[in-house]
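Structure first, commentary second.
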Amino acid sequence: MVDAKNGKVLWAQNETFPRPPASLTKILTALVVLQRAKLDDTQVITQDALDAPGANTYAKVGETFTVEDLLWGLLLASGNDMAIALAHRVSPDGTVAGFVNLMNEEAAALGAQSTSFANPHGMDAPGHYSTARDLALITMVAMRNPALAQMVGTVRHDVPWNGGKHLFVNHNKLLTLYPGTIGVKTGYTNGSGNSLVTEATRNGTTLLTVVLGAKSPAGYNDSMALLNWGFANTGALEARSTDQIVPAKVPAVAAQAAPGVKNGAARKGGSGSPAAVRQAAAAPERLPESRSLTAGGPERRDDVLLGAVIASLLTALFLTTRRRSRNRSAQFPT
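Heads up: the sequence shown is residues 298 to 631, going by our numbering.
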């Protein structure tokens with residue numbers, strides 16, 4: 298857990314342990330693309346993109362998309378085919394391998410020294426790994442790009458599709474579950490388990506959490522437990538922090554129109570739209586002022602965060618109640 302504004306590490310556990318990053322990879326994929334392409338650049342879907350393993354939007358071979366629309370599919374639907382198409386568009390030699398080289402060069406330049414990527418989509422592969430600390434660093438930089446920040450904070454978005462429209466819905470349910478959430482990305486593979494990077498803002502503070510290998514659904518419970526504890530203890534955590542994540546460089550932001558301007562669809566939607574989420578964030582839940590840390594903080598819970606504890610207690614209570622009900626039925630049959 299990091300203060301996203303200054304990079305102070307507020308809490309960490311196994312933060313330098315290399316793990317498969319799954320689709321969290323796509324945060325850097327999008328950043329590299331936005332540094333080297335314009336949103337209205339175009340790319341044709343190839344068979345190579347359609348054959349991408351894992352999550353796929355199944356765009357038709359031969360169909361042409363703008364870089365912007367491919368990015369919507371990459372960041373909301375987590376389409377691996379979109380990752381391959383974008384790699385072809387930006388790669389210096391037109392190959393996926395050439396794009397991956399750009400990714401690794403960018404990661405190293407930012408200071409993510411314990412990161413190595415083998416593909417642009419995040420499927421498990423030899424030599425494809427990162428750490429919670431490196432992913433926090435990459436995300437901090439990526440969220441400074443207005444286009445990327447807008448996309449990962451959008452709940453749903455329509456893109457032109459085979460002569461009509463196709464709705465992409467963001468996989469990140471915290472955008473509607475947790476008030477103040479402004480991004481950023483979910484991930485899952487067999488090798489990585491559930492992974493989630495989240496940024497949330499409350500009372501002028503923006504916290505960034507990275508949860509890897511979570512046991513709770515998509516890492517939501519652990520992330521919310523961290524965020525709740527962090528927002529309640531920000532002052533004490535800031536005062537105690539002696540560690541800070543500082544990017545080795547800050548990439549220049551390309552001058553380009555904000556996404557969605559040409560069709561106005563980026564900000565539209567129902568109650569789960571970004572506008573509704575930001576409205577909820579504007580009047581956040583009132584929390585107590587920052588206070589001294591207590592033994593109840595995540596650092597005293599080893600690998601088990603508050604969300605997992607609550608879930609276990611509720612499950613035990615439910616099973617006990619059901620068992621007692623069955624015993625009564627057995628003793629007093631109707």
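All residues carry an ideal CB built from backbone N, CA and C; glycine is no exception.
What distance in whole Å lies between the Cβ atoms of residue j and residue i, which are believed to be in contact at a cut-off of 8 Å?
| i | j | result |
| --- | --- | --- |
| residue 477 | residue 499 | 5 Å |
| residue 397 | residue 382 | That pair is no contact at about 14 Å. |
| residue 517 | residue 474 | 7 Å |
| residue 298 | residue 501 | Going by Cβ atoms, the distance from residue 298 to residue 501 rounds to 17 Å, so no, they are not a contact pair. |
What are the partner residues of residue i, as DSSP defines its beta bridges?
| i | result |
| --- | --- |
| residue 483 | 493 |
| residue 454 | 465 |
| residue 306 | 299 |
| residue 543 | Residue 543 pairs with nothing; no bridge assigned. |
| residue 478 | 497 |
| residue 502 | 499 |
| residue 511 | 491 |
Within this structure, are the beta carbons of residue i and residue j separated by less than 8 Å?
| i | j | result |
| --- | --- | --- |
| residue 316 | residue 513 | no |
| residue 535 | residue 302 | no |
| residue 374 | residue 354 | yes |
| residue 329 | residue 400 | yes |
| residue 515 | residue 493 | yes |
| residue 464 | residue 453 | yes |
| residue 343 | residue 363 | no |
| residue 260 | residue 323 | Outside the displayed range of the chain (298 to 631) lies residue 260, so it cannot be described from this structure. |
| residue 370 | residue 456 | yes |
| residue 419 | residue 480 | no |
| residue 378 | residue 356 | yes |
| residue 387 | residue 333 | yes |
| residue 412 | residue 428 | yes |
| residue 524 | residue 495 | yes |
| residue 358 | residue 407 | no |
| residue 409 | residue 505 | no |
| residue 360 | residue 469 | no |
By a C-beta neighbour count over all protein chains shown, 10 Å radius and 16 as the cutoff for buried, is residue i buried or exposed?
| i | result |
| --- | --- |
| residue 447 | buried |
| residue 541 | exposed |
| residue 586 | Caution applies to residue 586, whose pLDDT of 41 falls short of 50 and renders its modelled position unreliable; the model cannot decide the point. |
| residue 326 | buried |
| residue 365 | buried |
| residue 482 | buried |
| residue 321 | buried |
| residue 537 | exposed |
| residue 376 | buried |
| residue 312 | buried |
| residue 545 | exposed |
| residue 509 | buried |
| residue 423 | exposed |
| residue 449 | buried |
| residue 487 | exposed |
| residue 389 | exposed |
| residue 684 | The chain is shown from 298 up to 631; residue 684 falls before or after that span and cannot be answered. |
| residue 491 | buried |
| residue 314 | exposed |
| residue 539 | exposed |
| residue 601 | Because residue 601 sits at a pLDDT of 38, beneath the cut-off of 50, its placement in the model cannot be relied upon, and the following sentence gives the value as read from the coordinates. When all chains shown are included, residue 601 counts as exposed. |
| residue 402 | exposed |
Flag residue i as yes when its Cβ comes closer than 7 Å to any non-hydrogen atom of the ligand SAM, and as no otherwise.
| i | result |
| --- | --- |
| residue 299 | Here there are no bound small molecules, and the ligand SAM is not part of this structure. |
Problem set entry | Inside the region 381 to 439 only - beta strand (DSSP E) runs reaching at least 3 residues | The region 381 to 439 contains no whole beta strand (DSSP E) run of 3 or more residues.
**Request:** Pick out the complete beta strand (DSSP E) segments inside the region 311 to 362, 3 residues or longer, and give them in chain order.
**Result:** 339 to 341, all fully within the region 311 to 362.
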